[in-house]
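Engineer: Next up is a structure, given as structure tokens.
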Amino acid sequence: MLAEPKLKSLSELVSDLSQEELIWVNKYLTGLVSSASKEELVKQAVVQQRITIAFGTETGNAQRLATHFATKAKQAGLLVKLVGLDQYRLADLPKEKYFFTVISTQGEGEPPIGAKKFYDFILASAPGLTQLQFAVLALGDTAYPLFCKTGEEVDEQFEKLGGSRLLPLQKCDLDYEATAEKWMVNVLSYLENSTKATNPTIASAVAPAASAKPASRQVYEGTILSKINLNASGSSKRTYHFEIAAEDVNYVTGDSIAITPRNPQEMVTRILSAAKADPEKLVTWKKETYSFEDLLVNKLNISFLSDKSVSQYENIYGNTIPERKISLLALLQKYPVNESQLESIIAHLNPVAPRIYNIASSPLVYPGEVHITVLEEHYLENGEDQEGICTQFLKEKEENDTVSFFIQTNKRFRLPAEDKDVIMIGRGTGIAPFRSFMAERDATGAEGRNWLLFGEEDFTTDFLYQTEWQQYFNTGVLTKVSLAFTNNEEEPFLIQHKLKQQAEEFYAWVQAGAVVYLCGEKDPMGKEVEDTILNIFKEQGNFSDEEAAQYFEQVKKEGRFIKDLY
Amino acid sequence: MAEQDLHKNDKAGNGQQEAPLTVVEKIKTESRGLRGSLQESLQDEITGAVREPDHALIKFHGIYEQDDRDLREERAEKKLDKLYSFMARLRIPGGFMKPEQWVAAHHIAGKYSTGVIKITTRQTIQLHGILKSQLKPTLKQFDQVKLDSIAACGDVNRNVACTSNPYESPLHTEVHAFADKISTFLLPKSRAYYEIWLDEVKLHEHNEPDPLYQDRYLPRKFKIGIAIPPNNDVDVLTNDLGLIAIIEDGELKGFNIAVGGGLSTTHGNPDTYARLATVIGFVSGEENILKATYEVLTVQRDFGNRSDRKLARLKYTVDRMGVGGFKKELEQRCGFKLETPKPYQFTQRSDRYGWMQDHDGNWHYTVFVENGRVTDTKDFPLKTALLQIAETGNANFRFTSNQNIIVSDVSVENKEAIQSLLNQFNLDGFTNAASAFRKNAMACVALPTCPLALAEAQRYMPSFITKIEALLNKYDLQQDGIIARMTGCPNGCARPYAAEIGFVGTATGKYNLHIGGDREGTRLNYKFRESLDEDGLLQELDALFSIYKNNKAADEHFGDFVLREPGLIPIINSQTI
Ligand code: SRM
Ligand SMILES: Cc1cc2nc3c(=O)[nH]c(=O)nc-3n(C[C@H](O)[C@H](O)[C@H](O)COP(=O)(O)OP(=O)(O)OC[C@H]3O[C@@H](n4cnc5c(N)ncnc54)[C@H](O)[C@@H]3O)c2cc1C
Ligand SMILES: Cc1cc2nc3c(=O)[nH]c(=O)nc-3n(C[C@H](O)[C@H](O)[C@H](O)COP(=O)(O)O)c2cc1C
Ligand code: SF4
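Residue numbers (this note's numbering), protein chains in the order written: chain G, 1 to 566; chain L, 567 to 1143.
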């Protein structure tokens, strides 16, 4: 179609272009065709900047925000590379110009698992990043003592490595939408200005959104109405059902509660005596004064020290300590220190973190109460059986004892419209929120179908809330139940295997618009279930790998695959 | 068809023409050949139980749904359903197993059930605690060694019992073969068992014709026992149909036929009673014997009470029709007359413990198994011992109606090897050490699995016997082979009414005390005291043993003595107990 010379110069031109430039040209030409004035387009082309938006996420919030941000940036005419930090090529970092990080904090002030490699890279061995112009949007939760810790660290480290901060670190609490939106607008307007002007305005010129101050959450003083070990004798597990009354407690079905445990007195006593420390001695931590004992019992994480805490211990002890992720007591026993050393060590310990428990009751059915399902946690330390701090703390509570907690809203984890179908997949305590879902749907007479997929060890001893499910099933509220119990099977038989057996029906439900919930243990259950679902889509939909992934993406986008994994 | 059947039911003249059929009757006729919704029940994941109507149907497959009653309360609080599991009772006519079958049973029990193999009072074995999801694998594995549980329960002919010990007669094999023949002959024709449990592909669309059972089966369970006098180990007269082998001049002439035995009573229901079978005649020739047997069932099928399961056993049918009336109907259906009964005599019911040599020279060792529970304990690894014996392949296994095992058909050459295993595991020692009283005693299953139990039985009997033994020692009666039996309720599964001393549970820790049955099993006992606790029972026994010791005639049995001794049992001439 083109005359020879034109064609030649065009192919010369494009042969040199990078992938991204090609895309841009493509857009440019399309724009031309769609009749915008040439002048306009040229102007746009001039301001077009290339930016990278990288996200680190555990439960998808950061990803959602980053994606939204990318869309906005594209609309503003920017060339955008959107990438998950789990996929990010570390070698690209020194080449980046504009680099925006959206990252959440997990665990006890730790990066999301997928972002760990990136995080370690920049904290340890990253090259100079003098070309880098960055801004960080940090997601977190003020309920955690180390609020937005990872975002803070990434932000600091970029600066240390020579990068220039375009905008101050923006921290977001769980109600991140408005704050995040504002941050995005600021970033985009900054970028616009910077491309117009020859000297970009410095970051501080743009007012940061009001930084979220640790919101004072309402703390409820709950009274334990009942405590039942749901597992029958003979089970290898103990899963406690708690019913806790708290006046005016306000939550929505799908929310969780957070409980900050106290450390076991016995552990504290042993720590103090190991260092020959006086329990009554007044010590300072974060500018406040406590007695040694009070601090250890009520404030500090002493059971599972972070890398950094151990490093501090190492410094004070004065010798290398190979262990990581160890308890203070174990450290003391192996690497003894005296009272004053202990005092300095303690100054560097993290606060004890609240533990989250999904609420297993519906406020419609039990107003003024929250029910939770707590698995007694066990692990080995030095080959010895240890009990988890919070589960031990709760287990020792008796009826009429009090426990304080606050509500952890879980906006993603909501029931759909009443006529929508629901598939609930969970292992062990993952069943907890589904109990609240069913109670709610029963109470409201929601007409959507409900399918429970539950897995545990033993049908006879571990079918949590069995009689309640039976009742929902017999009255027709619960449409279908699929169970996977590992015992009594020759091969390991888990919830994902059960799901696979039900592939056709599962797909049909999803096709018909069902919302899929997945709750419980993250690893390996959560991952394996997700892989299984992808496979089911592929097989049932006769899709290629790519199409299946796309289909799954679409389902997720529509908010029909909702996880709460831990 | 149904209409005609109803009409026949009326013909029974039970004055209950209008009485509606029981729920179970409806379940049976609607069951499509005992299939019901069992397939669906097995798929119901949310519960360990089967659906309501299948509860009755699954029994026809030899399986009972049960739940651990000890755990009900705890589980309810934990929001857990009852701990449902299933008991499977095998069909083993005459209680005979090949060694490889025992080996299989041993492993199946270990894998799918509580591990305990329970020898029943009708010569078969039961496995308890099988989960619903494990039923198919269990029955499939039994099938691999040609064992099944078809019709081991339900309103059909049950496991046919037969005198166990080949030592009893040179014709034992011939008589024993009848047990097998009758059992096979009277099986329901439905292929349901094979389809449901063994995944057989459906051949018929649920309408295999079954001339005997039709679509309604019998009104109630039906039991057949075969005895070879002089041993009445099977308690032949407690069966709906008893066959007493008549052997003359070393030849099996035929059988005396006795009808209408049955033991169960219901506390507080005066219309129920225990009854020993009435001998009504003699038949000879295999064809006639099978025919007569068959027609006893059809009379019961057509005349039995289908409106009240408490009054549905053959014994009530016989009494309602009158023995004469019953016999007439039977002869008419047979097309021949029954001959006059031949004389016979029973002299014993106990098992012959230890080694016995039969007429062909083979050896049989009867092992004492307390209450039929085969399991390993620290001191007494019975289950392991029997496994090792079975693994030699040199002994068959026979179960006795006294809940014991005979390691049998051991050739002369193999006897020593078996003996050394008996010694090694102390089976010999254990059998010898148990007192005669303990060895003759029986107890039913009762708690925790039996849903009908009012009181303990097999869990309690061993320690209770220890206390009774102390009393017997006191009067130097330890070698007196008094027959005592205990049940957890008045259904009478360990035949306590046919014992010299019977303990019949009425409530937790409480038992009625029955005395006065004879040692040979031809006379029922009498209720002597009601609802006594352990102390009360022991006091009564102490007093009774004391008079017995002082006043008995030489060789007089306890059961006979208490009946003769004035003032102990007031109503001599009534069978009401
Ligand atoms: C295992 C056994 C007792 C034992 O310790 O050995 C037994 C156990 C039960 N018997 Fe029996 N009966 C057993 C021999 C008997 C006998 C004795 C006999 O047949 O020689 C009797 C009395 C004779 C008779 O039938 O009259 C007997 C009369 C009953 C009855 C009352 C029947 C009636 O006519 O009313 C019931 C209840 C019922 O059927 O409704 C019953 C019911 C039961 C059940 C199945 C309870 C139930 O219906 O749910 C018991 C199961 C308990 C468990 O957990 O295992 N069992 N049952 C015996 C199995 C025999 C077999 O292999 O088939
Ligand atoms: C969103 C969310 C929802 C949740 N919902 C529920 C719920 O509904 N029900 C529920 O039971 N749980 C739930 N959890 C988990 C819960 O919050 C707690 O994590 C859990 O109860 C364990 O807490 P713990 O204090 O008893 O154990 P911790 O003491 O915190 O120990 C936890 C684990 O850390 C490791 N560890 C700790 N100390 C050491 C050491 N010294 N050496 C080596 N390893 C160590 C072990 O692996 C141990 O198992 C949820 C978690 C999240 C994030
Ligand atoms: C197990 C767990 C631990 C958490 N720890 C912290 C923490 O230490 N500090 C913090 O600020 N937020 C913490 N959070 C809150 C998350 O950062 C917050 O929920 C965020 O919105 C999650 O974003 P994501 O979905 O992109 O991972 C934690 C959340 C969970 C589930
Ligand atoms: S006698 Fe009663 S308690 Fe004992 S097994 Fe039979 S039905 Fe159960």
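Where is the CB? At the ideal position from N, CA and C, for every residue including glycine.
These numbers come from a predicted model, not from an experiment.
List the residues of chain G whose Cβ lies closer than 8 Å to the Cβ of G614/L, in chain order.
Structural biologist: In the second sequence, the residue the question calls residue 614/L occupies position 48. Chain G residues near G614/L: F459 and T460.
Engineer: How many angstroms separate the CA atom of D714/L from the CA atom of K908/L?
Structural biologist: One-based indexing of the second sequence puts residue 714/L at position 148. One-based indexing of the second sequence puts residue 908/L at position 342. Spanning the two alpha carbons is a distance of roughly 36 Å.
Engineer: So, under 8 Å CB-CB, T289/G and V374/G are touching, yes? Tell me the CB distance rounded to an integer number of Å.
Structural biologist: To locate residue 289/G, count along the first sequence from 1; it is residue 289. To locate residue 374/G, count along the first sequence from 1; it is residue 374. The Cβ separation is near 33 Å, so there is no contact.
Engineer: Report the rounded CA-to-CA distance for S204/G versus Y190/G, giving the unit in angstroms.
Structural biologist: For the purposes of this step, residue 204/G is taken as the residue at position 204 of the first sequence. For the purposes of this step, residue 190/G is taken as the residue at position 190 of the first sequence. Residue confidence for S204/G is low, a pLDDT of 40 falling below 50, so the modelled location carries little weight; the figure read from the coordinates is stated next. Cα-Cα distance, rounded: 11 Å.
Engineer: Tell whether a beta-carbon distance below 8 Å holds between S104/G and L146/G.
Structural biologist: Within the first sequence, numbered from 1, the residue matching residue 104/G stands at position 104. Within the first sequence, numbered from 1, the residue matching residue 146/G stands at position 146. Not in contact: S104/G and L146/G (Cβ atoms no closer than 8 Å).
Engineer: For S544/G, name the three-state secondary structure that DSSP assigns.
Structural biologist: Looking up residue 544/G in the first sequence gives position 544. S544/G: coil per DSSP, three-state reduction.
Engineer: Are the CB atoms of G559/G and K420/G within a distance shorter than 8 Å?
Structural biologist: Here the question's residue 420/G lines up with position 420 in the first sequence. Here the question's residue 559/G lines up with position 559 in the first sequence. Not a contact, by the Cβ cut-off of 8 Å.
Engineer: Would you decide whether V249/G is buried or exposed? Buried here means 16 or more other CB atoms lie within 10 Å of its CB.
Structural biologist: Counting from 1 along the first sequence, the entry for residue 249/G is found at position 249. Burial call: buried.
Engineer: Compare the Cα-Cα distances from Y98/G to each of L166/G, Q106/G, G77/G and E159/G and report the closest residue.
Structural biologist: Translated into positions along the first sequence, residue 98/G becomes position 98. Here the closest residue by C-alpha is L166/G.
Engineer: Who sits around ligand 4, taking every residue whose Cβ is closer than 5 Å to one of its heavy atoms?
Structural biologist: Going along the chain, the residues that qualify are C1010/L, V1011/L, A1012/L, C1016/L, L1018/L, A1019/L, T1053/L, G1054/L, C1055/L, N1057/L and C1059/L.
Engineer: Find the nearest neighbour of T460/G within the set L646/L, T941/L and C1059/L, judged by alpha-carbon distance.
Structural biologist: Taking the first sequence and counting its residues from 1, one reaches residue 460/G at position 460. Of the listed residues, the one whose Cα sits closest to T460/G is L646/L.
Engineer: Could you check what DSSP says for S749/L in three-state terms: helix, strand or coil?
Structural biologist: As a working mapping, residue 749/L is identified with position 183 in the second sequence. S749/L falls in the helix class under three-state DSSP.
Engineer: Between the Cα of Y860/L and the Cα atoms of G1102/L, E639/L and C900/L, which residue gives the shortest distance?
Structural biologist: Within the second sequence, the letter at position 294 stands for residue 860/L. Per the Cα distances, C900/L.
Engineer: Does the beta carbon of E108/G fall short of 7 Å from some heavy atom of ligand 3?
Structural biologist: Here the question's residue 108/G lines up with position 108 in the first sequence. Result yes, Cβ under 7 Å from ligand 3.
Engineer: Output, in sequence order along the chain, the residues in the segment 465-482 of chain G whose CB is closer than 8 Å to any CB in chain L.
Structural biologist: Listed by position along the chain: Y465, Q466, T467, E468, W469, Q470, F473, V481 and S482.
Engineer: For chain G, is any of its Cβ atoms less than 8 Å away from the one on L1013/L?
Structural biologist: Looking up residue 1013/L in the second sequence gives position 447. No, its Cβ sits nowhere closer than 8 Å to a Cβ of chain G.
Engineer: Do V297/G and V337/G count as a contact pair if the criterion is CB distance below 8 Å?
Structural biologist: Taking the first sequence and counting its residues from 1, the one referred to as residue 337/G is at position 337. Taking the first sequence and counting its residues from 1, the one referred to as residue 297/G is at position 297. In this structure, V297/G does not lie closer than 8 Å to V337/G by Cβ.
Engineer: Please confirm whether Q632/L and F662/L have their CB atoms less than 8 Å apart.
Structural biologist: In the second sequence, counting from the first residue as 1, residue 632/L sits at position 66. In the second sequence, counting from the first residue as 1, residue 662/L sits at position 96. Not closer than 8 Å, so no.
Engineer: Compute the minimum distance between the beta carbon of V374/G and the heavy atoms of ligand 2, and state whether it is under 7 Å.
Structural biologist: The residue given as residue 374/G occupies position 374 in the first sequence. Checking the Cβ of V374/G against ligand 2 gives yes.
Engineer: Who are the neighbours of N229/G on chain C, taking C-beta pairs under 8 Å?
Structural biologist: The structure shown has no chain C; the protein chains it does contain are G and L.
Engineer: Can you tell me whether H241/G is buried or exposed, with buried defined as 16 or more other CB within 10 angstroms of its CB?
Structural biologist: Position 241 of the first sequence, counted from the start, is the residue given in the question as residue 241/G. Label assigned to H241/G: buried.
Engineer: Going by C-alpha to C-alpha distance, which of A246/G, A124/G, I122/G and T429/G sits closest to V403/G?
Structural biologist: Start at 1 with the first residue of the first sequence, and residue 403/G comes out as number 403. For the residues A246/G, A124/G, I122/G and T429/G, the minimum Cα distance to V403/G belongs to A246/G.
Engineer: Name the residues in the segment 231-243 of chain G whose C-beta lies less than 9 Å from a C-beta of chain L; which are they?
Structural biologist: Cβ contacts with chain L: N231, A232, S233 and H241.
Engineer: CA-CA distance, F552/G and F537/G?
Structural biologist: For the purposes of this step, residue 552/G is identified with residue 552 of the first sequence, where counting begins at 1. For the purposes of this step, residue 537/G is identified with residue 537 of the first sequence, where counting begins at 1. Cα to Cα, F552/G sits roughly 7 Å from F537/G.
Engineer: Output yes if chain G places a C-beta closer than 8 Å to the C-beta of E611/L; else output no.
Structural biologist: Within the second sequence, residue 611/L is the residue found at index 45, counting from 1. Yes - at least one Cβ of chain G is within 8 Å of the one on E611/L.
Engineer: Is S309/G closer than 8 Å to L349/G when the C-beta atoms are compared?
Structural biologist: Start at 1 with the first residue of the first sequence, and residue 349/G comes out as number 349. Start at 1 with the first residue of the first sequence, and residue 309/G comes out as number 309. Against a cut-off of 8 Å, the Cβ pair of S309/G and L349/G comes out as a contact.
Engineer: Whose Cβ in chain L lies nearer than 7 Å to the Cβ of N488/G?
Structural biologist: Taking the first sequence and counting its residues from 1, one reaches residue 488/G at position 488. Simply L697, S699 and Q700.
Engineer: Let's see if you can read the secondary structure: which residues bound the alpha helix (DSSP H) around V268/G?
Structural biologist: Indexing the first sequence from 1 puts residue 268/G at position 268. First-last of the alpha helix (DSSP H) with V268/G: Q265 to A274.
Engineer: Quick check for students: name the residue ranges of the beta strand (DSSP E) that lie wholly in the segment 606-689 of chain L, counting only runs of 3 or more.
Structural biologist: DSSP runs (the beta strand (DSSP E)) wholly in the segment 606-689 of chain L: 629-633, 650-655 and 683-685.
Engineer: Output yes if chain L places a C-beta closer than 8 Å to the C-beta of F561/G; else output no.
Structural biologist: As a position in the first sequence, residue 561/G is number 561, starting the count at 1. So no, F561/G is outside the interface.
Engineer: For N463/G, decide whether its Cβ has a neighbour in chain L, counting only Cβ atoms nearer than 8 Å.
Structural biologist: Position 463 of the first sequence holds residue 463/G. The sequence shown places Phe at residue 463/G, rather than the Asn named in the question. Judged by the 8 Å Cβ criterion, F463/G is in contact with chain L.
Engineer: What would DSSP say about I947/L, mapped onto helix, strand or coil?
Structural biologist: Position 381 of the second sequence, counting from 1, holds the residue named residue 947/L. Ile is not the amino acid found at residue 947/L; the sequence shown has Pro there. Strand at P947/L.
Engineer: With a threshold of 8 Å between beta-carbons, can D647/L be considered close to chain G, or not?
Structural biologist: Against the second sequence, residue 647/L aligns to sequence position 81. Interface residue, yes.
Engineer: List, in chain order, every chain G residue whose beta-carbon is nearer than 9 Å to that of D640/L.
Structural biologist: Residue numbering aside, residue 640/L sits at position 74 when the second sequence is read from its first letter. First, the residue type needs correcting, since residue 640/L is Glu and not Asp in the sequence shown. Near E640/L (Cβ distances below 9 Å), the residues of chain G are A232 and S233.
Engineer: Please state if the CB of I1135/L and the CB of S1110/L are separated by a distance shorter than 8 Å.
Structural biologist: Locating residue 1110/L in the second sequence gives position 544, where the first residue counts as 1. Locating residue 1135/L in the second sequence gives position 569, where the first residue counts as 1. In the sequence under discussion, the amino acid at residue 1110/L is Leu, which differs from the Ser named in the question. In this structure, I1135/L does not lie closer than 8 Å to L1110/L by Cβ.
Engineer: Hey, would you say I794/L sits closer than 8 Å to I971/L, going by beta carbons?
Structural biologist: Walking along the second sequence from the start, residue 794/L turns up at place 228. Walking along the second sequence from the start, residue 971/L turns up at place 405. No.
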